[in-house]
Every structure is written in C-alpha cells, then in structure tokens.
Amino acid sequence: LRHSLFHADPHPGNISVTDDGKLILYDYGMVGRLDNETRLRLIRLYLALVEKDPPRTVNAMADLGMLTPDFNRSVIEKGIELAVRAMHGKKPDEMEVQSLMELANKTMSKFPFVLPKNLALYMRMASIIEGIYKTHKVDFKFVKVLREILEKEHLIKDAYIEEIKYSFQRFAKSIDATISIAPELKKFIDENRSLQFLNAKPKSNILLSGSIVSSAIFVGSTVLYASNELLGITGMISSLIIMSIFTIFRKH
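Counted the way our numbering counts, the sequence shown spans residues -11 to 240.
What follows is the structure in structure tokens.
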C-alpha cells in the first residue's frame, strides 16, 4: 500500500521467521504491482472498513470495479454493515441476515460482487495469507490491526484526501448533469404562455439564473448526501444562500 509492490505467492514454503520474530519472504518469482489509482482506492476502502462506514465502503468498492453497474445500493450497504460487524468480531444476528436476504429477494437483487483483473493477484495473496493463519488456528482479525497499519505507513492522510476528491468529483458531476438541462428549462419557460409574467421585468432573468444555479447545487448536494453527509448538507445550505442573494439583488 505504500510502495505499490507485493509478494504475490506467500505460501508456507516461501515464509520463514527470524529468531527475533521478523518475517522472511523467499522466492520473488511472482510479484504484483498496483497502479497508483488502485492503491489509493484500496486505502479508501480499508479506511471505510475501519471506520465502519458502509456508504463509503460501497463507493470505494464501486470505484475499484468490485460491483456490477446495476447493483442495488441499499442491499449492498446492509450486507456490508453485517460483514463489517463480523470483521470486528461481532456475529450478525440471524434475524438481520434473514431480513437482508428477504430484502434482496424483494428487490430482485443478487450480491453483484466481481473480481477486477487488476486485483486478481492481490486477492490471491490475501487469500493465501488468510488460509495460513486459519490453518494454524490463529484468532486474527485483519480489520482490527488495519488502522494501526495505515497509521504506521502514514496512509490515513492519503485516504482522507482521496475521499474529499471523490466527494467533490461526484458533486461536480451532479451539478454538470443538472446544468445541462438549463437551456431546455429556459426554453420551456419562454414558450409557456402561462409563465409569461417571468418576462415582465428585465431583472426576472437574474432570478431565473439564480434559480437554475441554486437548483443545480441543491440537486447535486442531495446526490452527494448519500456518500458524504457533511458536504451534502453544506451544498444544500450554499444553494439556499445563493438563491437568497439573487432574490435580494433582484429587488434592488
């Protein structure tokens, strides 16, 4: 996660331990490499798991290509919530699991997890390591030491920076999509005789422009709210402030 390289074949024959407890890895015939974008997305995913945040976990998984495009967010988030609880050593309640399965059936959803090609070796490596400590009956919860690993490698800051970038990119895309309908909206208003009063005063165009900008920001904020509540609420408040400014300016 720090240098983008990993030993891709850590089976028991390739692992040894020194007298003072340090690991030795042999045979670097199979080495994997992560591109920087994938590496940062993995860090985002791990931090979301550590912080028990299903929406952010799903966002990171989708960015990594771990989910099919038509996945049902509510079903996946509930499944992730139960999985995260299990990772932290809390066994999910049977009724909750049953409820999740019923929800999946009602929405005609299956769990649409896929294995991206660029993560195949990485997941193989992780599975081999998991198999080693399970074979030796070691009670090890990866997620419990994950934050310590991220902090030790100074990756927490990188994860938060990437999360903020992702949130703003999603917000910008939402605004772009909303603004793209603005010409059609104006055309509709101009052509609709019942709304001709909007053209009664020149300054009405100012209010119309403010309404379009404010609406774009508000719609973008509601979309963003699902993945980042703070930025979503900030955007909503900003849209109201912008609308108020345009209204005051029109009056004067």
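For each residue, glycine too, the CB sits at the ideal point set by N, CA and C.
Hey, would you say residue i sits closer than 8 Å to residue j, going by beta carbons?
i: Ile12; j: Val5; result: yes
i: His(-5); j: Tyr16; result: yes
i: Lys122; j: Val72; result: no
i: Arg44; j: Glu151; result: yes
i: Leu52; j: Pro104; result: yes
i: Glu65; j: Val38; result: no
i: Met75; j: Val131; result: yes
i: Ile14; j: Asn24; result: Reading off the sequence, residue 14 comes out as Tyr, not Ile. For Tyr14 and Asn24, no; Cβs fall outside 8 Å.
Suppose the cutoff is 8 Å on Cβ atoms and the five residues either side in sequence are ignored; what does the same chain contact list for residue i look like?
i: Asp146; result: Leu28, Ile31
i: Ile117; result: Pro(-2)
i: Val102; result: Gly53, Met54, Leu55, Thr56
i: Gly242; result: There is no way to answer for residue 242, as the model of the chain reaches only from -11 to 240.
i: Val126; result: none
Give me the DSSP bridge partner(s) of residue i.
i: His(-5); result: Val19
i: Val5; result: Leu11
i: Phe101; result: Leu55
Take residue i and list the residues in its own chain whose beta-carbon comes closer than 6 Å to its own, dropping the five residues that flank it on each side.
i: Ile144; result: Leu138
i: Leu109; result: Ala(-4), Gly20
i: Phe128; result: Tyr121
i: Asp58; result: none
i: Lys189; result: Since pLDDT at Lys189 reaches only 49, below the 50 mark, its modelled position is unreliable, and no value is offered.
i: Arg112; result: none
Could you name the residues of the same chain whose beta carbon sits closer than 7 Å to that of residue i, not counting the 5 residues immediately before and after it, in chain order?
i: Met49; result: Leu33, Leu55
i: Ala36; result: Arg44, Thr45, Ala48
i: Arg181; result: With a pLDDT of only 47 at Arg181, under 50, the local geometry of the prediction cannot be trusted, and the value read off the model is given with reservation. Correct list: empty, nothing qualifies.
Please report the Cβ distance between residue i and residue j, rounded to the nearest whole angstrom; I am assuming they are in contact, meaning their Cβ atoms lie under 8 Å.
i: Glu69; j: Pro42; result: 5 Å
i: Leu(-11); j: Glu136; result: In fact, because the Cβ distance is near 13 Å, the residues do not count as touching under 8 Å.
For a cutoff of 8 Å on Cβ pairs, would you count residue i as touching chain C?
i: Phe59; result: Absent here is chain C; the protein component of the structure consists of one chain.
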